[in-house]
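All remarks here apply to the structure that follows.
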Amino acid sequence: MFKRFSGAADALDMLISRSQPLQRTEQLPTLRGEGRVLAQDIFSPLSLPGFDRAAMDGFAVRSEETKGARPHAPVFLERFEPVRTGMPVPAPYDSVVMLEDSIRRGSVLETTAQLHPFKNVSRIGEDIAAGEKIFSRGHTLRPPDLSLLSALAIEEVEVYQRPKVAIIPTGGELLDIGSRPIQPGEAYEINSIMARLYAQKWGASVHKTDIIPDDEGLIREA
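Note that our numbering has the sequence shown beginning at 295, numbered continuously upward.
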């Protein structure tokens with residue numbers, strides 16, 4: 295029936311040459327997108343962080359007022375605001391002095407750290423700027439990608455529909471697993487198990503036919 299065998303490389307080349315790129319797409323909720331392939335570029339609708347954010351626990355201060363501070367010559371500040379990591383840095387402050395570098399004495403803050411503007415501050419858009427491309431078409435979505443998209447309030451993604459794969463096991467000596475005890479010259483059909491699992495792992499929707507005898511006509515009909 296088979297006039298010649300093809301090597302693995304030739305068989306792969308033949309499959310690729312006869313394959314057509316996927317065109318059909320679908321919209322999915324972002325949280326169902328793991329392992330799916332993006333059908334379009336995704337741009338951020340907003341900046342992360344969306345405000346000047348404290349990168350440390352400490353006190354928001356004006357950096358210019360810390361000029362000259364050093365371990366044995368602290369400066370004393372009357373204008374400051376306690377902040378926690380992740381909190382907005384309120385105006386008119388532009389930096390954060392760490393708890394380790396400061397002592398609060400009532401309404402006065404003693405610090406030994408000279409700061410430059412925006413020291414210990416995550417600026418607006420430092421991680422991602424509004425309008426920035428974050429993923430390209432063809433990217434396969436991973437769990438951290440879905441977390442990022444959720445942080446950007448992107449609730450849906452456009453992905454390619456899953457490719458459909460049909461597995462046709464052939465061989466007159468083959469039996470479905472567990473259908474009955476095998477006899478000499480028979481074997482359980484197991485190759486489709488590996489093929490199906492690999493195809494599903496790579497994102498395909500898989501259908502397996504019944505076992506087909508070694509008959510060219512029946513194989514073509516399947």
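Beta carbons are placed, not taken as given, at the ideal position from N, Cα and C, and that holds for glycine.
Three-state secondary structure assigned by DSSP to residue i
{"i": "K495", "result": "helix"}
{"i": "P507", "result": "coil"}
{"i": "P386", "result": "coil"}
{"i": "S438", "result": "A small correction: the amino acid at residue 438 is Pro; Ser does not occupy that position in the sequence shown. If DSSP states are grouped into helix, strand and coil, P438 belongs with the helices."}
{"i": "S396", "result": "strand"}
{"i": "S416", "result": "strand"}
{"i": "E452", "result": "strand"}
{"i": "A302", "result": "helix"}
{"i": "L512", "result": "helix"}
{"i": "L309", "result": "helix"}
{"i": "R378", "result": "coil"}
{"i": "A363", "result": "coil"}
{"i": "A349", "result": "coil"}
Minimum C-alpha distance to residue i - residue among the options
{"i": "T360", "options": "Y482, A407 and L512", "result": "A407"}
{"i": "G511", "options": "S300, E320, L371 and T464", "result": "T464"}
{"i": "F412", "options": "E480, G497 and A349", "result": "A349"}
{"i": "V369", "options": "R347, R399, P438 and P386", "result": "R399"}
{"i": "L316", "options": "S486, D508, H501 and V459", "result": "V459"}
{"i": "Y482", "options": "R490, L491 and G472", "result": "G472"}
Assumed close pair residue i, residue j - CB separation to whole angstroms, cut-off 8 Å
{"i": "L435", "j": "G327", "result": "5 Å"}
{"i": "F353", "j": "P376", "result": "6 Å"}
{"i": "E449", "j": "T319", "result": "With a Cβ gap of about 17 Å, E449 and T319 do not count as contacting."}
{"i": "G424", "j": "I462", "result": "Before going further, note that residue 424 is Ala rather than Gly in the sequence given. That pair is no contact at about 51 Å."}
{"i": "G419", "j": "S341", "result": "4 Å"}
{"i": "S430", "j": "D335", "result": "5 Å"}
{"i": "E404", "j": "S396", "result": "6 Å"}
{"i": "L322", "j": "R312", "result": "The Cβ separation is near 28 Å, so there is no contact."}
Residue(s) in a DSSP beta bridge with residue i
{"i": "T464", "result": "I506"}
{"i": "H501", "result": "A460"}
{"i": "K427", "result": "F337"}
{"i": "L443", "result": "Its beta-bridge partners do not exist; DSSP assigns none."}
{"i": "E404", "result": "F370 and I397"}
{"i": "T422", "result": "Position check: residue 422 holds Ile in this sequence, whereas Thr was assumed. Paired residues: L342."}
{"i": "Q477", "result": "DSSP, once it has assigned bridges, lists no residue as partnering Q477."}
8 Å Cβ cutoff met for residue i and residue j
{"i": "L446", "j": "P343", "result": "no"}
{"i": "N414", "j": "M392", "result": "yes"}
{"i": "S441", "j": "S389", "result": "no"}
{"i": "L332", "j": "G432", "result": "yes"}
{"i": "R373", "j": "D351", "result": "no"}
{"i": "F518", "j": "E452", "result": "For the chain, the structure presents residues 295 to 516; residue 518 sits outside this window and is missing."}
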